[in-house]
Amino acid sequence: MENKFVQDIADFETNYAQWYTDVVTKTEMADYGPVKGTMVIRPYGYAIWENIQNELDRQFKLTGHQNAYFPLLFPYSFLTKEKEHVEGFAPEVALVTEAGGEELGEKLVIRPTSETVICNMFSKWVKSYRDLPVKVNQWANVMRWEKTTRPFLRTSEFLWQEGHTLHETEEEARQETLQMLEIYRKFAEDFLAIPAIVGKKTEKEKFAGAVDTYTFETMTRDGKSLQSGTSHYLGTNFAQGFNIKFQNKNGEMTYPHQTSWGSSTRLIGALICAHGDQRGLVLPPKIAPIQVVIVPITLKNDDLVAFCKDLNDKLTAKGIRVNLDLSDTSAGFKFNKWELKGVPVRLEIGNRDLEQGIVTYSRRDTCQKATLNLNNIEQNIIALLDEIQANMLETARAKTNAHIIDVDNRQDLINTVNAGNFVRVTWCGDRSCEENLKNETAITSRCMPFEQSGKKNKCACCGKELKDDEGFITLFAKAY
RNA sequence: CGGGGUGUAGCGCAGUUGGCUAGCGUACUUGAUUUGGGAUCAAGGGGUCGAGGGUUCGAGUCCCCCCACCCCGACCA
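First residue of the first sequence: 45, per the numbering used here; consecutive thereafter.
Here you go:
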């Protein structure tokens, strides 16, 4: 029997955008909101976000951060206190100009990010070196008025986490920046099963107001790049704009060194893009809202239903997130439904299994079926979930590595990226070179990896000759 | 903002040169038979045809204006 969803999706094989939208809407993760570019996150999608939140929050607290909350609105003048910051954000900011039926004296910004409003408070909190470091994190929504949008990848309103810290020294702040980047990278690999491509952003691509921006990027099904999280060393740029000063051990007034770092609901988009296939969503067990679904082949056999309920209780008692599907539809319908929603393990239990003392399972990552003995079933399933988690990372890593290709000249660079790949090249580091490429081809630099070996003496993008100490190994791709 | 396209049931769509009670698929409800990969049959409910104005005996259909959305471009940490 043809699978209707697969048939629908097959028609969109050449249209990645349509595939993506279908996966999001048909899995009941999100809907479009009433205002263009806004998104409603449905319970199934939100459960994924909660799992992401819980683990990241745990990591932040382990590294000494505390959660806090800052206002949604702040005066426009805040934005202008750091020159590059306002230039970067002004074009996509949403403003409140009227409230209570009266026009406001000063327009209010709906936060696109909270550096400024937090710095405003930091300036009141910090007086002495004894007040440092300050390490806070905020879970919040932000708004950026983007022209083109797609659920989870780019929406005008989105949920995220933004960390903000102040430190006595540059060294300590830079350490914090890299530490948080590493937390993101590890989280992506261990929980999302996505190999993260990490490195430093170029001058052109860095955060508005930062000294250095580090990023972790993930690769989508169609070979584009998703900036999935960032960590910035802000230097003293904002501290100077907001007059944040402290008295150091020598009694001198000094600016603290600052960092900020963030990740958003775009991580859910990264999950969809990294693992999704033609049957829909594929979720890694550690993040899946439902890890195991139990599907009784028939509801007519009371013994079978009782057995399934018992198994459901047993697995739940072991801390596994189980769902017993007793809905009144055919077994085949349920198979497809839960595959579409990405549930890692499906137990298909019928009269035949009951007689033989086994259960049939189907794993979502490989779509293969096998049987498990009833003895020690809980342990076997836990082991199976672990194996799926590991296999998904390996599969994604192999796929990603196969699509990062070394080239050394402009034509190969363009052709290779257009064929759905990242390229790894030696690049001269000139902003104009990068801008020129972007204007011509929409290809942008993604990051300069920490691993810089294999540098050549010629820029692959503009052909400029380079000395031994010039140029950077850089990844280029098309970005979402 | 430039170019192109679409608005008709929850979703996807048809509706001819203007004409009868506005249809089809799917989903939904009820009943029966089914259930190891999206079941079958029967009955049923659901519509300001995007909004406003105009032409006409008569507008889903023609004209004007507005609105919304989609695609390409531009824009985008």
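Even for Gly, the Cβ is constructed at its ideal location relative to N, Cα and C.
Reference residue i, options the options, closest by Cα
{"i": "residue 386", "options": "114, 331, 122, 216", "result": "331"}
{"i": "residue 472", "options": "314, 500, 142", "result": "500"}
{"i": "residue 497", "options": "490, 513, 322", "result": "513"}
{"i": "residue 135", "options": "369, 189, 456", "result": "189"}
{"i": "residue 231", "options": "77, 481, 100", "result": "100"}
{"i": "residue 443", "options": "457, 106, 464", "result": "464"}
{"i": "residue 395", "options": "347, 421, 235, 413", "result": "347"}
{"i": "residue 258", "options": "508, 504, 509, 493", "result": "493"}
{"i": "residue 157", "options": "277, 182, 145", "result": "182"}
{"i": "residue 358", "options": "372, 338, 374, 373", "result": "338"}
Cut-off 7 Å between Cβ atoms - residues of its own chain near residue i, not counting five sequence neighbours on either side
{"i": "residue 268", "result": "521, 522, 523, 524"}
{"i": "residue 511", "result": "none"}
{"i": "residue 54", "result": "In this prediction, residue 54 scores a pLDDT of 47, lower than 50, which makes its location untrustworthy; the coordinate-derived value is nonetheless stated afterwards. Within the same chain, residue 54 has close Cβ partners 322."}
{"i": "residue 200", "result": "81, 82, 187, 188, 189, 190, 193"}
{"i": "residue 283", "result": "299, 300, 302"}
{"i": "residue 293", "result": "173"}
Residue i versus residue j: straight-line alpha-carbon distance, rounded
{"i": "residue 254", "j": "residue 376", "result": "54 Å"}
{"i": "residue 451", "j": "residue 466", "result": "10 Å"}
{"i": "residue 519", "j": "residue 461", "result": "10 Å"}
{"i": "residue 345", "j": "residue 397", "result": "13 Å"}
{"i": "residue 448", "j": "residue 320", "result": "20 Å"}
{"i": "residue 317", "j": "residue 103", "result": "25 Å"}
{"i": "residue 37", "j": "residue 98", "result": "Nothing in the structure corresponds to residue 37, since the chain is present only between 45 and 524."}
{"i": "residue 63", "j": "residue 139", "result": "34 Å"}
{"i": "residue 288", "j": "residue 261", "result": "32 Å"}
{"i": "residue 152", "j": "residue 125", "result": "15 Å"}
{"i": "residue 120", "j": "residue 163", "result": "14 Å"}
{"i": "residue 32", "j": "residue 168", "result": "Here the chain has residues from 45 to 524 only, and residue 32 is not among them."}
{"i": "residue 517", "j": "residue 508", "result": "14 Å"}
{"i": "residue 324", "j": "residue 76", "result": "19 Å"}
{"i": "residue 79", "j": "residue 489", "result": "32 Å"}
{"i": "residue 352", "j": "residue 360", "result": "12 Å"}
{"i": "residue 123", "j": "residue 432", "result": "46 Å"}
Cutoff 6 Å; reference residue i; Cβ partners in own chain excluding five residues on either side
{"i": "residue 68", "result": "74, 195"}
{"i": "residue 401", "result": "418"}
{"i": "residue 128", "result": "252, 253"}
{"i": "residue 132", "result": "252"}
{"i": "residue 241", "result": "261"}
{"i": "residue 202", "result": "308, 309"}
{"i": "residue 51", "result": "With a pLDDT of 46 at residue 51, under the threshold of 50, the modelled position of that residue is not reliable, and the figure given next carries that caveat. Here the set comprises nothing."}
Per-residue burial, residue i [other beta carbons within 10 Å of its own, 16 or more giving buried]
{"i": "residue 250", "result": "buried"}
{"i": "residue 33", "result": "Coverage of the chain is limited to positions 45 through 524, which leaves residue 33 absent and any answer about it impossible."}
{"i": "residue 224", "result": "buried"}
{"i": "residue 446", "result": "exposed"}
{"i": "residue 366", "result": "buried"}
{"i": "residue 469", "result": "buried"}
{"i": "residue 476", "result": "exposed"}
{"i": "residue 547", "result": "Here the chain covers residues 45 to 524 and nothing more, so residue 547 does not appear."}
{"i": "residue 503", "result": "buried"}
Chain-order list of residues whose beta-carbon lies under 8 Å from that of residue i (same chain, five-residue window excluded)
{"i": "residue 148", "result": "140, 141, 142"}
{"i": "residue 349", "result": "340, 343, 370"}
{"i": "residue 180", "result": "109, 110, 111, 112, 162, 207, 208, 209"}
{"i": "residue 86", "result": "72, 73, 74, 75"}
Continuous beta strand (DSSP E) assignments of at least 3 residues falling wholly in the stretch 335-370:
336-340, 366-368
Start-end ranges of the beta strand (DSSP E) lying completely within the stretch 434-480, minimum 3 residues
448-450, 466-471
Let me know the beta strand (DSSP E) ranges lying completely inside the stretch 372-417, each 3 residues or longer, listed in chain order.
389-393, 402-407, 413-417
Entirely enclosed alpha helix (DSSP H) segments - the stretch 69-133, minimum 4 residues:
87-106, 120-123, 127-133
Pick out the complete alpha helix (DSSP H) segments inside the stretch 284-334, 4 residues or longer, and give them in chain order.
310-319
Can you give, in chain order, each stretch of the beta strand (DSSP E) that sits fully within the stretch 217-248 and has at least 3 residues?
241-244
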